Amino acid sequence: MLQFRLYDTSKVVYAITDQITLDPPVMTRTVQEMISHYIDSLPGIAMFLFMVIGVVSAVVFLARMFFARTNISNAERLVPMMSATVGVALFFILASSLQVALAFRVDVNGVQMALATFATLLFTLPTFLMDYTPKERASADMMREKTKELQTKLQLSEDELAEVKSSLPISYGAFEVKMQMIRDSLNDIIRKTSMRLEDAKEIDKIFSDLDSLSIDIDNLMLELDGAVGEYQIFVNCEYSKWLGMFKDIGLEPPMTAKAAPDQAAPLNVRIGQVNEVLDAGRTLANEIIQVAEQAYDVIRSFYDPSLPEENQSITFAKKKLDEKATPWIALDALYSAITNWSKQYKIQISKSVDYLHRSLAIIADLRNYNGRLLHALGDDFPKMMENVQKAENIKLDIEKRALNAFNVIAIKDVFESSLSIGRDVLSILYEKLKSKEKAVDLLSPSEDFLWEKNDALIKRMDSAMKVTSKLSNARLSEVLESLPKFLSYVDECVETIALYSEMEEILLNYPVAEITVENLFREKKSVSAKDLPFESKYAEEYLKLFYSQKFHEFSLDRANMLLTKKK
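Numbering (our numbering), first residue to last: 189 to 755.
Encoded structure:
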C-alpha cells in the first residue's frame, strides 16, 4: 500500500531550494568557452554525418547491384537488415576513428559499439523473416487489374480516333503511332506480371509506368480534342472566307445556316458541327459550279467559240467534290477561274455593256415619237410600246446593278433579254416595211409604175435581220456590237413606213381620182390640182400619177401643176 510521509516531501523541497540558494560549484571553464568549443565542433560533426550518409548509401547501392546480378531469392529480405546493421557499425567505427581529426569527442567503447550493432541486427531481423509472397501476389493482381483498365481506356480512345478519322480529313499518323506505343507498353507489362516479381523496385517501376501510361492516354485525348477544335475553327474560317470572297466579286451565293462552334461540347457533337460546315462548303461549291458553268458558256458563246466545251477548272472542282475532298480546293479552283475570265475578257465585256446601253437608249427613246409610231405601225403599235417598256426597265436595272465583268451571269440574262427586245423591234419595223412595200406594188396601176422605193433601207434591214436572227452564225458579241447600228435605222424605217402608207393610200384612191380627171377633161382642155376634190398634196400626186400613165396624150406643167390634153 502506498504511503505518503512528510519526510519525503521535505527532501523534494530541500532539493529544489538548494538548487537556488546554494553556491554553484567552481568551474575551470566559463560557459562562453564551452559554447565556443561546441560551435567549433559543429563543422566536424556535420562533415562526419555527411561521410556516414555517403558511405552507408554507397554500401546499400552496391549491395542492391550485387543481389540484382546474383538473383538471390531472399535479396529483398536481406538488404534492409544488412543495410541497417552495416550502417550502425560504420557509424561507431567512423565516430571513434575520426573524432580527433574532425574536432569532436565521442565517449563510446567497444562493448557499447558491439551491443548497439547487435541490437540493430535483432531489431531488423523480423524484416528478414517476413513472407513477401502475399504482397507480390497482391501487387501482380493490382497491376493486371490496372492494366486492363488502361486497355479499356485505350480502346475507348481508339474508338474516338476511328470516329474522327472516318469523319474529318485530319492527319492521324502521330496519334496512331502514340496509341500503338501505349498498347505495346501495356502488353509488355502484362507479360511481366505473368512472371514472378521479387524486386520491389521493379514492382514500383511498373506501377509508375502504369500511372505514366494513364497520363499519356489522357494527354493523347486532349491532343485529339485540340486537333478537332483547331480544325473546327479552320473550317469555319474557310467557309466565311470563301463566302466573302465570292460576294466581293459580285456573286451572291446563298449562305447555309450553321451552329456556332462549342469547344465544350462532346467530341461527337463537334464532329457533327464540323461536318455541317463541310457540307455547307460543298453546297457553296456546287452553287459556284453552276454559276461558273453559265459564265463559261457566256464567254464561250459570246467571245471565244474556240474554247473547249468543258473547262478544266470546273471539271477539277467537280472531281474533288466527287472524291469527298474538302470543298476549299474546289472553291479555290473556281475562284481562280472566274477571276481569270474577268481579267481576260474584261475589255470585251465592257464594250458589250456599252453597246447594250446604246441599244436600249435608242429603243427607250421611241416613247418620244408615240404619234409617228402610232400612225406608221397601226395595230403593231401596242407591241412596239411593250418592247419600249421592257427596254426602259432593263436600262434602269443595269444602272442600279452596275454590271461589270464579274457578274457574267447577270450580263448573259441582260444581253439575251436586250437582244430579244432589239430583235422584236427590228422585226416589227421590217415586217411593216415589207408589207407596205408589197401593198404598194399590188396597187400599182401598171407594171412599169415607178415609185420612191427605199431599196437601200430594205437591204440594210435584210442584213440586220440575218445577223440578229436566232439561226445566225454570228457570235453574240458581234450581234451586240452591231445592234446599235441596226437600231439606228429605226427613224428611217418609221419615215419610210409613213411614206409607204401615204403611197398606199394614194394608190387606193387613184381609181376614183382617175375617173374624176377624165370627167373634167370632157368639160375642159386643162385640169389643175385645184380642180380636184382632194387635198392639194394628194391632188398633185394624182395629176402626176395620171400623167405618168398617159404621158403620150397629155402634158404636165409641174410648176403650176396644170395637166393639158395634147392636140
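Note that the Cβ used here is the ideal one computed from N, Cα and C, for glycine as well.
Since this is a predicted model, take the numbers as computed values, not measurements.
Would Ile377 and Leu398 qualify as a contact pair, given that the criterion is a beta-carbon distance under 8 Å?
The Cβ atoms of Ile377 and Leu398 sit closer than 8 Å to each other.
Which residue from Trp516, Ala415, Glu481 puts its Cα closest to that of Gln500?
That would be Glu481, whose Cα lies nearest to the Cα of Gln500.
Selection from Tyr491, Tyr543, Glu729, Met749 that minimises the alpha carbon distance to Lys530
The identity of residue 530 in the sequence shown is Ser, whereas the question assumes Lys. Looking at the Cα atoms, Tyr491 is the closest of the given residues.
Whose C-alpha, out of Ile476, Glu346, Lys620, is nearest the C-alpha of Glu440?
Nearest C-alpha to Glu440: Ile476.
Going by DSSP in three states, Lys712 sits in which element: helix, strand or coil?
Lys712 sits in coil when the DSSP states are folded into three classes, being neither helix nor strand.
Cβ-based neighbour list, Pro322, same chain, cut-off 6 Å, excluding 5 preceding and 5 following
With a pLDDT of 47 at Pro322, under the threshold of 50, the modelled position of that residue is not reliable, and the figure given next carries that caveat. For Pro322, where only same-chain residues beyond five positions count, there are no Cβ hits under 6 Å.
Those residues which DSSP pairs with Phe742 across a bridge
As a beta-bridge residue in DSSP terms, Phe742 pairs with Lys753.
If you draw a straight line from the C-alpha of Glu741 to the C-alpha of Val715, how long is it?
Going from the Cα of Glu741 to the Cα of Val715 covers about 13 Å.
Are at least three pairs of beta-carbons, each pair with one atom in the stretch 552-569 and one in the stretch 452-459, less than 8 Å apart?
In the pairwise beta carbon analysis, the stretch 552-569 is classified as not touching the stretch 452-459: fewer than three pairs are separated by under 8 Å.
With Ala549 and Val576 assumed to form a contact (beta carbons below 8 Å), what rounded beta-carbon distance in angstroms separates them?
The beta carbons of Ala549 and Val576 sit about 11 Å from each other, so the pair does not count as a contact at 8 Å.
Which listed residue (Ser676, Tyr726, Pro672) has its alpha carbon closest to that of Tyr698
Of the residues Ser676, Tyr726, Pro672, the one whose Cα lies closest to the Cα of Tyr698 is Tyr726.
Does DSSP put Asp520 in a helix, a strand or coil?
Looking at Asp520 - three-state DSSP - the assignment turns out to be helix.
Please confirm whether Asn463 and Ser355 have their CB atoms less than 8 Å apart.
Going by beta carbons, Asn463 and Ser355 fall inside the 8 Å limit.
Take the Cβ of Met649 as the centre, count every other Cβ of all protein chains shown within 10 Å, and call the residue buried at 16 or more, exposed below.
Residue environment for Met649: buried (at least 16 other C-beta atoms within 10 angstroms of its C-beta).
For Asn426, which residues from the same chain have a beta carbon less than 6 Å from its beta carbon, with the 5 sequence-adjacent residues on both sides left out?
According to the sequence as given, residue 426 is Glu; it is not Asn. Counting only Cβ-Cβ distances below 6 Å, and skipping sequence neighbours, we find Trp516.
Please say whether Arg611 and Thr656 have beta carbons closer to each other than 8 Å?
Using a Cβ distance threshold of 8 Å, Thr656 and Arg611 count as a contacting pair.
Whole-angstrom C-beta distance between Phe504 and Ala483, which should lie under 8 Å:
Cβ-Cβ separation between Ala483 and Phe504: approximately 16 Å, too far for a contact (criterion under 8 Å).
First and last residue of the uninterrupted alpha helix (DSSP H) at Asn661:
Premise fails: Asn661 is in no alpha helix (DSSP H) and is neither H nor E.
Can the beta-carbon of Ser547 be found less than 8 Å from the beta-carbon of Leu675?
Leu675 is positioned such that its CB atom lies closer than 8 Å to that of Ser547.
Curious, which full-length beta strand (DSSP E) runs of at least 3 residues does the stretch 405-473 contain?
Fully enclosed beta strand (DSSP E) runs of no fewer than 3 residues are not present anywhere in the stretch 405-473.
Quick one: any contact between the stretch 659-667 and the stretch 692-708, if contact means 3 or more CB pairs under 8 Å?
Three or more Cβ pairs closer than 8 Å define a contact, and the stretch 659-667 falls short of that threshold against the stretch 692-708.
Proximity winner among Ser538, Ala473, Lys583, relative to Lys507 (alpha-carbon distances):
Ranking Ser538, Ala473, Lys583 by Cα distance to Lys507 puts Ala473 first.
Within the same chain, show all residues whose beta-carbon is closer than 8 Å to that of Asn456, passing over the 5 residues directly before and after it, in chain order.
Excluding positions up to five away in sequence, the list reads Glu351.
Where the alpha helix (DSSP H) through Ser736 begins and ends
Where Ser736 is concerned, the enclosing alpha helix (DSSP H) stretches over 724-737.
Leaving out the 5 sequence neighbours to the left and right, which residues in its chain are closer than 8 Å to Ile586 when beta-carbon positions are compared?
Contacts found: Val541, Leu544, His545, Leu548, Val602.
Mind checking which residues open and close the alpha helix (DSSP H) that includes Lys718?
Looking at the DSSP string, Lys718 is not in any alpha helix (DSSP H), and its letter there is neither H nor E.
Taking 8 Å as the cut-off, decide whether the C-beta atoms of Ile616 and Met572 are in contact.
Yes. Within cutoff.
Which listed residue (Met369, Met331, Glu669, Ala686) has its alpha carbon closest to that of Leu562:
In terms of CA proximity to Leu562, Ala686 leads the group Met369, Met331, Glu669, Ala686.
Going along the chain, which residues of its own chain have a beta-carbon closer than 6 Å to the beta-carbon of Ala272, five neighbours each way excluded?
Closer than 6 Å at Cβ, skipping near neighbours: Thr308, Thr312.
Of the residues Ile502, Lys641, Leu614, the one placed nearest Ser651, counting alpha carbons only
With distances taken between Cα atoms, Ser651 lies closest to Leu614.
According to DSSP, simplified to helix, strand and coil, what is Leu675?
Assigned with DSSP and collapsed to three states, Leu675 falls in helix.
Is Leu522 near the ligand GTP, with its Cβ less than 7 Å from a heavy atom?
With respect to small molecules bound, the structure shown includes none, and the ligand GTP cannot be examined in it.
Taking the straight line between their C-alpha atoms, what separation do you get for Ile227 and Leu410?
Ile227 and Leu410 have their C-alpha atoms roughly 58 Å apart.
Evaluate Gln461 with the Cβ neighbour count: other Cβ atoms within 10 Å of its Cβ, from every protein chain shown; 16 or more gives buried, anything less gives exposed.
By the 10 Å Cβ count, Gln461 comes out buried.
What number of angstroms, rounded off, separates the C-alpha of Lys241 from the C-alpha of Ile223?
A quick correction: the sequence has Ile, not Lys, at residue 241. Going from the Cα of Ile241 to the Cα of Ile223 covers about 27 Å.
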